[in-house]
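Step one of this worksheet: look at the structure below.
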Amino acid sequence: MFTLIGGGIKKLEDSFRPMKSVLPALATWIKDSAAKFEPESNTVHTSGGDTIEYEYLLVAVGLQLNYEKIPGLLEALSIPNGKVCSNYSPKYVDRTYQALKNFRTGNAVFTFPNSPVKCPGAPQKVLYIAEHYLRKSNKRKHAQLHYNTSLPVLFGVKHYADALWEIVKKRDINVNLRTNLVEVKPGTDEAVFENLDKPDERFTVKYELLHVTPPMGAPDVLKACKSLVTEVGFVDVNKDTLQHQKFSNVFAIGDCSSSPNSKTAASVAAQSQVVFKNLMAVMEGRTPNRVFDGYASCPLVTGYNTCVLAEFDYSLTPLETFPLDQRKERFTMYLMKKDFMPPLYWHLLLNGLWNGPGLMRKLMHFRL
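Using our numbering, the letters of the sequence shown map in sequence onto residues 1 to 368.
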């Protein structure tokens, strides 16, 4: 949704609803945040000083945005009507469309950090939307577009990466692999990058627009509980069952889990039924046997009317739902992303009625 907000397609108010309106009727809402986990004693301590005892724990705290890790970035994002923007926070997402409207001439730079990220396709979705916007507003000939990514590839799944390379070549977008943003200088409108293959090698780029995907990581509250997490701070689960490796009454779902799938909402949908069935099994004294296949989906919006729908599993093998070539840019996929997925999220996923397109995929086993 934030990709569409940053492109002026949706409004920020479309992206949220009151918590009370989406909670299950029988759920008890504790209006506080977790401050400390103690799985050895089956307790969670809250920021308000309360202690909650549990029989079973499902951790779903997501990823933490670490804007402060890039010197100068927060200062740049605090400048009203500034040239630096970021789709990743509700605090900053509206700056993106404003920066596009303000763009005149020069470098438009888009980054992908040297860290895990929410939806690995999102940093380049904003790139494609920006390029299309500049074409529509007759500014494209005055713009040099750069996608600086820390990754060694344009996209992690070669099946789709090959198609995306054709798109960036066709649109004259400069892609720099293994390139990481390390500093922003808002006083001079400059961004400093490092070459990850040669860490001592740095270079500076003058920008007219800079879209930053911030470094991300496990929330601090998770990293503080060493017995619960891996070395990098994610909840240490079995990638198949999503059950904790040490504490059998603990499960994790979504971005905070150590399962090696891409961190997308589609993955959460596919994980939800696995977690539910396996948690029920544990509660009934049975061995959990539901398996998560690593399904992830990324609707790669490539403009104001096109989208490439990437779907794949743990092995980065395509796991496509529709009987057509999903590598192609399609208007139908764009409409699905823009108009179908939001109500699917609010009315089905949040109510436990959407567990991903697995059944649909089985019905559409043929290909055109």
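Just so it is clear, CB atoms sit at the ideal spot from N, CA and C, and this is done for glycine as well. None of these values were measured; they are calculated from a predicted model.
Residue 5 lies in the alpha helix (DSSP H); which residues open and close that run? 2–6
Counting along the chain, where does the beta strand (DSSP E) carrying residue 358 start and finish? Not the beta strand (DSSP E): residue 358 falls in the alpha helix (DSSP H), residues 358–363.
Through-space distance from residue 54 to residue 36, alpha-carbon basis: 14 Å
So which of 256, 202, 45, 84 has the shortest CA-CA distance to residue 209? 84
Does the segment 178–192 come within contact of the segment 142–157, defined as at least 3 CB pairs closer than 8 Å? yes
Integer-rounded CB distance, given that residue 251 should sit under 8 Å from residue 279: 6 Å
What is the DSSP secondary structure of residue 368, reduced to helix, strand or coil? The predicted position of residue 368 is uncertain, since its pLDDT is 44 and thus under 50; a value taken from the coordinates is nonetheless stated next. Coil, per DSSP.
Within 8 Å, do at least three Cβ pairs link the segment 166–174 to the segment 62–70? no
Just checking, does the segment 283–293 make contact with the segment 229–243 on the three C-beta pairs under 8 Å criterion? yes
Here's the rule I'm using: 16 or more other beta-carbon atoms within 10 Å means buried, otherwise exposed. How should residue 117 be labelled? buried
Starting from the C-beta of residue 185, find all residues in its chain whose C-beta is less than 6 Å away, skip the five residues before and the five after it, and write them out in chain order. 72
Buried or exposed by the 16-neighbour rule on C-beta atoms within 10 Å, applied to residue 95: buried
Based on DSSP bridge pairs, tell me the residues matched to residue 147. 110, 175
Would you identify the three-state DSSP class for residue 187, choosing helix, strand or coil? coil
Taking just the CA atoms, how far does residue 202 sit from residue 357? 44 Å
Near residue 346, what residues of its chain come up, given a Cβ to Cβ distance below 8 Å and the 5 sequence neighbours on each side ignored? 17, 22
Of the choices 26, 9, 307, 338, whose alpha-carbon is the least far from that of residue 167? 307
Separation of residue 204 from residue 368, as counted between CA atoms: Low per-residue confidence applies at residue 368: pLDDT is 44, beneath 50, and the placement is therefore not dependable enough to give any value.
Identify which residue in 272, 111, 264, 274 has its Cα closest to the Cα of residue 310. 264
In the structure shown, what three-state DSSP assignment does residue 14 receive? helix
When you compare each of 281, 159, 158, 131 to residue 146 by their alpha carbons, which one comes out closest? 131
Strand pairing of residue 36, partner residues [DSSP]: 45
Residue 441 lies in the beta strand (DSSP E); which residues open and close that run? Given a span of 1 to 368 for the chain in the structure shown, any question on residue 441 remains unanswerable.
Residue span of the beta strand (DSSP E) that contains residue 202, given as start and end: 198–206
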